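With positions in the sequence shown counted from 1, the corresponding number in this note's numbering is that position plus 24.
Backbone N, C-alpha and C fix where the C-beta goes; we use that ideal spot for every residue, glycine too.
Being a predicted model, the structure only gives us computed values, none of them experimental.
Remarks on the structure that follows.
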Amino acid sequence: MLYQQSYHSPLGELTLVSNETALVGLWFKGQKYYQATITGQPVQLQETSVLKQVTRWLDAYFLSKNPSPAEIPLFPQVTAFRRAVLAVLQEVPYGQTRTYGQIAQTLATRLHRRSLSAQAVGGAVGHNPIALLIPCHRIIGSTGKLTGYAAGLAKKAQLLELELGMPLAEKLK
């Protein structure tokens with residue numbers, strides 16, 4: 025059984041979904057791939073201890089307090105490759121960015137491969153079912169430009185500005 029609740033953030037409504045022990049989804053309402061990983065599973069509107077924990081984390085995050093996601097159990101329902109990509113994303117520090125190519129190189133090293141396609145990594149990043157806690161918004165294009173975000177580039181920019189404490193234009197000077 026899955027459990028769902030809404031969270032009203034400064035950037036729009038979020039949908040949080042957990043099982044009994046871990047968070048399985050966190051999406052901006054209506055974003056691309058919204059609830060794609062839980063399609064066909066029964067969902068009950070009910071707050072759980074995991075969802076309470078996520079709500080507290082989100083409260084701190086939107087106050088720019090850099091909360092640690094380490095205490096929140098996550099269980100993204102994705103393929104092994106996507107799970108490996110998401111694990112690398114979780115290492116990108118608050119307020120910092122990495123390129124898709126950097127993520128691909130890090131993962132290639134861990135998998136003992138010469139290289140991995142940045143496009144393959146981009147596909148996995150784009151299908152991240154747990155926004156914010158698995159910070160796919162911190163991944164940018166090779167030129168430093170904002171590219172691809174399931175909830176839209178405007179939200180990606182707003183999240184990075186929240187973490188940086190300044191407009192992106194100031195950071196890029």
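Bridge partners of Trp51, per DSSP? For Trp51, which the question treats as bridged, DSSP gives the partners Thr39.
- Query: Can you tell me where the alpha helix (DSSP H) with Tyr85 in it begins and where it stops?
  - Reply: First-last of the alpha helix (DSSP H) with Tyr85: Ser73 to Tyr85.
Lys197 versus Leu98: straight-line alpha-carbon distance, rounded: With a pLDDT of only 43 at Lys197, under the threshold of 50, the placement of this residue in the model should not be trusted; the figure read from the coordinates follows. Going by the C-alpha atoms only, they are around 36 Å apart.
Sheet register partners of His32 (DSSP bridge) = The partner list for His32 (beta bridge, DSSP) reads Glu37.
Let me know the secondary structure DSSP gives Leu135 once reduced to three states. In the displayed model, Leu135 falls within coil according to three-state DSSP, outside both helix and strand.
>> Buried or exposed for Ser42, going by 16 or more other Cβ atoms inside 10 Å?
In response: Answer is buried; the Cβ neighbour count reaches 16.
Worksheet entry | Check whether Ile96 and Leu113 have beta carbons under 8 Å apart | Taking 8 Å as the cut-off, the beta carbon of Ile96 is found no closer than this to the beta carbon of Leu113.
Original post:
For the stretch 74-86 against the stretch 59-66, are there 3 or more C-beta pairs whose distance is under 8 Å?
Top reply: Counting C-beta pairs with one atom in each stretch, the stretch 74-86 and the stretch 59-66 have fewer than three that are closer than 8 Å, which means they do not touch.
Keeping to the same chain, check which residues put their C-beta closer than 7 Å to that of Lys179; ignore five residues upstream and five downstream. Excluding the 5 residues flanking it on each side, Lys179 has same chain C-beta neighbours closer than 7 Å at Leu35, Phe52 and Tyr173, in chain order.
Use the C-beta contact count for Glu187: other C-beta atoms within 10 angstroms, 16 or more gives buried, fewer gives exposed. Buried.
I need the straight-line Cα distance from Leu183 to Pro66, nearest angstrom please.
One C-alpha to the other measures close to 31 Å.
Practice prompt. Helix, strand or coil for Thr123, going by three-state DSSP, please let me know.
Written response: Three-state DSSP puts Thr123 in a strand.
Less than 8 Å separating the beta-carbons of Leu50 and Leu69?
-> For Leu50 and Leu69, no; Cβs fall outside 8 Å.
Item to complete: Classify Leu184 as helix, strand or coil using the three-state DSSP reduction.
Response: Here Leu184 sits in helix by DSSP.
query = At what residues does the alpha helix (DSSP H) containing Leu110 begin and finish?
reply = Boundaries of the alpha helix (DSSP H) harbouring Leu110: Ala104 to Leu113, taken from the DSSP string.
Check your understanding: Looking only at C-alpha atoms, which of Gly189, Ala181, Ser92 and Met25 sits nearest to Ile164?
Key -> When only C-alpha atoms are compared, the closest one is Ala181.
What does the alpha-carbon distance come out to for the pair Arg122 and Val116?
Distance between the alpha carbons of Arg122 and Val116 is about 7 Å.
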